[in-house]
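Step one of this worksheet: look at the structure below.
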Amino acid sequence: MFEAILREIQNHGTVILHRHSRPDGDALGSQFGLKYILQANFPDKTVYAVGDDPGNYRFIGGGALDEIPDSAYEGALAIILDSGAASLISDERYRLAAKTARIDHHIFTGKIADEEVIDSTYESCCGLITEFAMECGLALPAEAAKALYTGMITDSGRFRFREVSGETMRLAGLILDQGIDTENIYANLYLDEVEKLRFESYVHRKMKISENGVLQALQPGKTLGVLFRNNDSLPALCDALLRAGIPFTVSRKDGKLGKNVAKALLGLVLAVVPTTVVLALLWYDNDFTNLLSGIFNFNALNLFSHILSIAIGIPISLL
Ligand SMILES: [Mn+2]
Numbered sequence: 358m359f360e361a362i363l364r365e366i367q368n369h370g371t372v373i374l375h376r377h378s379r380p381d382g383d384a385l386g387s388q389f390g391l392k393y394i395l396q397a398n399f400p401d402k403t404v405y406a407v408g409d410d411p412g413n414y415r416f417i418g419g420g421a422l423d424e425i426p427d428s429a430y431e432g433a434l435a436i437i438l439d440s441g442a443a444s445l446i447s448d449e450r451y452r453l454a455a456k457t458a459r460i461d462h463h464i465f466t467g468k469i470a471d472e473e474v475i476d477s478t479y480e481s482c483c484g485l486i487t488e489f490a491m492e493c494g495l496a497l498p499a500e501a502a503k504a505l506y507t508g509m510i511t512d513s514g515r516f517r518f519r520e521v522s523g524e525t526m527r528l529a530g531l532i533l534d535q536g537i538d539t540e541n542i543y544a545n546l547y548l549d550e551v552e553k554l555r556f557e558s559y560v561h562r563k564m565k566i567s568e569n570g571v572l573q574a575l576q577p578g579k580t581l582g583v584l585f586r587n588n589d590s591l592p593a594l595c596d597a598l599l600r601a602g603i604p605f606t607v608s609r610k611d612g613k614l615g616k617n618v619a620k621a622l623l624g625l626v627l628a629v630v631p632t633t634v635v636l637a638l639l640w641y642d643n644d645f646t647n648l649l650s651g652i653f654n655f656n657a658l659n660l661f662s663h664i665l666s667i668a669i670g671i672p673i674s675l676l
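At position 165 of the sequence shown the residue is numbered 522 (our numbering), and the sequence of numbers has no breaks.
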């Protein structure tokens with residue numbers, strides 16, 4: 358299924374590899390896996406891997422993304438990996454390339470590149486890249502195997518997801534045959550999961566079992582909001598909740614709106630009560646009006662407008 362893409366690779370001196378922004382293990386694994394495969398099998402070609410910061414997955418490919426000028430795209434082939442939509446692709450300069458190709462395992466929603474291999478039966482894009490190497494009879498260097506295996510692990514939830522098929526494991530088996538240090542990969546992957554541990558401990562502390570043995574819902578309050586704001590591991594956190602069997606909703610506002618409404622109401626009460634008292638006195642008691650006019654040198658109308666603006670201003674400023 359990769360004949361057309363292989364032909365394009367053979368026909369171009371420069372190949373530039375793109376993947377989706379905010380990359381996960383599969384995006385970087387397929388990008389660097391393919392980079393090392395191409396470098397090992399086509400030593401005369403220039404191969405670049407471009408895109409935004411690899412974040413926690415820096416260990417894949419040593420985090421060494423290439424900084425290239427626009428001119429590098431002249432006459433080049435750009436290959437887009439693990440990207441289901443054009444808007445997700447990191448570095449939109451792939452459009453400058455003479456020819457584009459895409460290899461992806463997301464559900465097809467529209468053509469992006471000139472040549473495409475899209476197969477959503479593959480659990481990871483790394484699985485597709487492994488298939489590409491096998492089908493085209495290309496050598497699979499150990500560093501490529503390591504990158505590809507990492508993507509297979511992360512996109513399959515460490516091979517735990519229901520969708521993991523015999524094919525997933527056969528491809529993983531081919532990768533393992535290249536002699537990679539899986540312990541090192543797992544050690545790197547678990548490094549970024551401190552936030553997840555913290556979250557899980559929060560869930561364990563908060564969860565309650567009802568009389569009927571039903572796990573009660575956790576109220577996602579401030580703690581959840583803080584965790585979500587401070588890290589990118591939303592999928593991991595949801596995964597932890599799902600595994601704990603806890604129903605949940607995610608709100609961006611953390612109930613902030615409710616708090617503001619309460620504050621405004623309080624302000625209104627604080628402002629309206631004294632205002633009403635003063636206005637009532639002004640209305641019914643001429644002595645009071647004269648007294649205030651004497652002290653502040655205000656006439657009643659002036660004073661009334663001042664009090665009114667304060668009464669309206671306080672609740673508005675609290676909103
Ligand atoms: Mn993927």
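We put the beta carbon where it would ideally sit given N, CA and C, even for glycine. These numbers were taken from a predicted model, which means no experiment stands behind them.
Proximity of the beta carbon of His369 to ligand 1 is not indicated: no heavy atom of the ligand is located closer than 7 angstroms. Counting C-beta pairs closer than 8 angstroms gives three or more between the region 358-368 and the region 488-495, which meets the contact rule.
In the structure shown, the three-state DSSP call for Asp461 is strand.
In the three-state DSSP reduction, Thr403 falls in the strand class (E or B). Beta bridge pairing from DSSP links Ile446 with His377. Under the 8 angstroms Cβ criterion, the region 495-507 does not count as touching the region 516-524, having fewer than three qualifying pairs. Three or more Cβ pairs drawn from the region 430-438 and the region 447-462 lie within less than 8 angstroms of each other, which places the two stretches in contact. Remark: C-beta atoms of Gly390 and Ile486 approach each other more closely than 8 angstroms. The three-state reading of DSSP puts Glu540 in helix, counting H, G and I together.
Residue state for Ile475 is assigned as strand, using DSSP reduced to three classes. Shortest gap from the CB of Ser481 to any heavy atom of ligand 1: under 7 angstroms.
Around Leu445, the same chain offers His377 and Ser378 as residues with beta carbons nearer than 7 angstroms, after the five sequence neighbours per side are excluded. With a cutoff of 8 angstroms on beta-carbon distance, Ser481 and Gly508 are scored as near each other. Scanning its chain for C-beta atoms nearer than 7 angstroms, with the 5 sequence neighbours on each side dropped, one finds around Lys503 the residues Ile537 and Ile542, in chain order. Judged by DSSP secondary structure, Ile437 falls outside any alpha helix (DSSP H) and instead within the beta strand (DSSP E) spanning Leu434 to Leu438. With 16 or more neighbouring CB atoms inside 10 Å of its own CB, Phe416 falls in the buried class. The closest heavy atom of ligand 1 lies less than 7 angstroms from the beta carbon of His462.
Out of His462, Ala397 and Leu622, the CA that lies nearest to the CA of Gly441 is found in His462.
Nearest to Val474 by alpha-carbon distance, out of Pro631, Tyr451 and Ile436, is Ile436. Distances from the CA of Ser387 to each of Tyr414, Phe661, Ile669 and Asn647 were compared; the closest alpha carbon is that of Tyr414. About 6 angstroms separates the beta carbons of Arg450 and Asp427, which is inside the 8 angstroms limit, making them a contact pair.
For Thr487, the uninterrupted alpha helix (DSSP H) segment begins and ends at Cys482 to Glu492. Secondary structure of Val372 (DSSP, three-state): strand. Distance from Tyr393 to Ile425 at the Cβ level is roughly 18 angstroms; contact not present, criterion being Cβ atoms closer than 8 angstroms.
For Asp476, the shortest C-beta to heavy atom distance toward ligand 1 is 7 angstroms or greater. Between Ile460 and Ala443 the beta-carbon gap is near 15 angstroms, outside 8 angstroms, which marks them as no contact. If you draw a straight line from the Cα of Asn368 to the Cα of Val407, it comes to about 21 angstroms. Approximately 5 angstroms separates the beta-carbon atoms of Leu528 and Gly484; this is inside 8 angstroms, confirming the contact.
Taking a 10 Å sphere around the C-beta of Ser662, we find fewer than 16 other C-beta atoms and assign the residue as exposed. Inter-residue distance for Glu524 and Asp534 is about 15 angstroms (C-alpha atoms, whole angstroms). Residue range Gly382 to Asn398 is occupied by the alpha helix (DSSP H) that includes Ala397.
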